[in-house]
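Have a look at the structure below before the remarks.
Chains as they are written, first to last, in the numbering used here: chain A, 11 to 93; chain B, 212 to 437.
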């Protein structure tokens, strides 16, 4: 079965306090040199049948209407190559 | 005959009973609506109550927005049905794009529960006619995802059209842009806010004040006089 990954991130201009909290914790844990962290969501979709243009169009529609709220979030859709 | 005001219960809704009680206290007839029913039982207005519908999974209000009852509410709200979204209900209304912008986690990352001072910015909605513009009220606020965000262009438009319905006073409790606590659609029938008027309708409970009752008397007068 093919896997399609949808990544959802808050739009760049929107404050991400969770990412900031992670970033601020890093130096305390000994991880230096990270200037910024933004936290998002990853959806792994196991697709039945071929991942053709039609299937990808449906997944884009799904991401746009449901997985992401495009008022506040951006998303990307990637087909994962089989290992 | 009095007006029939529906209150929707989703799995995870918490404040439906208080909302039904507030409707009754104002003198209207409360009607329970169920998330899986498309039928609105011929109500004259709808309240989307607070809580954590569908566990707030994915995003607050995101799954509720696609429930059967919301299909009907979205359609009828566009045709003028008065809808009030409180807290999770406000989140559902933004997810349904009946109101612009979106709701995100409080900027301090904590759940908040406090008595909140608000300014009612407009009496020109179905749910605020019993207030005067500029009136200050105290009602409870309790949420995790209360930070209102929208593009600058949208915020400017809301301000210019007088659609910022409520603003936080003294303290901005969650990082909401421009201290926005609630907004209305252009027609004034759809209103959403984070604080809870239904918890402030009787002196014995809540804040000890009845500052929230005006939401329910406003809609009742509008419907009865219609």
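C-beta atoms are modelled at their ideal positions from N, C-alpha and C, and glycine is treated no differently.
Query raised in the report: When the Cβ atoms of the region 290 to 300 of chain B are set against those of the region 395 to 405 of chain B, are three or more pairs found closer than 8 angstroms?
Result: yes
Report task. List the endpoints of the continuous beta strand (DSSP E) containing residue 282(B). Result -> First-last for residue 282(B): 279 to 289, but that is the alpha helix (DSSP H), not the beta strand (DSSP E).
Requested in this report: Note down, in chain order, each residue of its chain lying with its Cβ closer than 7 angstroms to the Cβ of residue 61(A), except the 5 sequence neighbours on either side.
Outcome: 12, 14, 89
Query - residue 366(B) versus residue 284(B) - alpha carbon distance - result: 25 angstroms
Query raised in the report: From the beta carbon of residue 31(A), is the nearest beta carbon of chain B less than 8 angstroms away?
Result: yes
**Report entry** CB contact check: residue 36(A) to chain B, cutoff 8 angstroms
**Finding:** no
Requested in this report: Give the interface partners of residue 270(B) over in chain A, defined as CB-CB distance under 8 angstroms, in chain order.
Outcome: Scanning chain A for C-beta atoms nearer than 8 angstroms to the C-beta of residue 270(B) yields 79, reported in chain order.
Query raised in the report: Given residue 340(B), which residues of its chain have a CB within under 7 angstroms of its CB, disregarding the five upstream and five downstream residues?
Result: The residues 334, 429, 432, 433, in chain order, have a CB closer than 7 angstroms to that of residue 340(B) in the same chain once the five nearest residues on each side in sequence are set aside.
**Report entry** Contained alpha helix (DSSP H) runs [length at least 4] in the region 357 to 407 of chain B, N- to C-terminal order
**Finding:** Fully enclosed alpha helix (DSSP H) runs of 4 or longer: 363 to 371.
Requested in this report: List the residues of chain A that residue 360(B) touches, going by C-beta distances under 7 angstroms, in chain order.
Outcome: In chain order: 24, 82.
Report task. Reducing DSSP to helix, strand and coil, say where residue 354(B) ends up. Result -> strand
Query raised in the report: What are the partner residues of residue 314(B), as DSSP defines its beta bridges?
Result: 359(B)
Report task. Could you pull out every residue in the same chain whose Cβ sits closer than 8 angstroms to the Cβ of residue 370(B), ignoring the five residues on either side in sequence? Result -> 389
Report task. Have a look at residue 240(B) and residue 231(B) and give me their C-alpha separation to the nearest angstrom. Result -> 9 angstroms
Query - Residues sharing a beta bridge with residue 191(B), DSSP - result: In the structure displayed, chain B extends from 212 to 437; residue 191(B) sits before or after that span and is not available.
Report task. Return no unless some Cβ of chain A is closer than 8 angstroms to the Cβ of residue 309(B). Result -> The beta carbon of residue 309(B) does not come within 8 angstroms of any beta carbon belonging to chain A, so the residue lies off that interface.
Query - Within chain A, partners of residue 397(B) - CB distance below 9 angstroms - result: The contacting residues do not exist; residue 397(B) stays about 17 angstroms from chain A at best.
Query raised in the report: Going along chain B, which residues have a C-beta under 9 angstroms from residue 27(A)?
Result: 315, 316, 317, 318, 319, 320, 358, 386
**Report entry** Pick from 220(B), 315(B), 362(B) that is closest to residue 265(B), judged by C-alpha positions
**Finding:** 220(B)
Requested in this report: Check the Cβ-Cβ distances between residue 306(B) and every residue of chain A, and say whether any is below 8 angstroms.
Outcome: Chain A, which has a Cβ nearer than 8 angstroms to the Cβ of residue 306(B), makes this yes.
Query raised in the report: Skipping 5 residues on each side, what residues in its chain have a beta carbon closer than 7 angstroms to that of residue 261(B)?
Result: 225, 226, 297, 298, 299, 300, 407
**Report entry** Cβ-based burial, residue 278(B) [other Cβ within 10 Å; buried from 16]
**Finding:** buried
Query raised in the report: Which residue comes first and which comes last in the alpha helix (DSSP H) that contains residue 49(A)?
Result: That residue, residue 49(A), is in no alpha helix (DSSP H); it is neither H nor E in DSSP.
Query raised in the report: At a Cβ cut of 8 angstroms, what residues of the region 271 to 282 of chain B count as close to chain E, listed as they run along the chain?
Result: Within the model displayed, chain E is absent; protein chains A and B are what it includes.
Query raised in the report: Within 10 angstroms of its Cβ, does residue 343(B) collect 16 or more other Cβ (buried), or is it exposed?
Result: exposed
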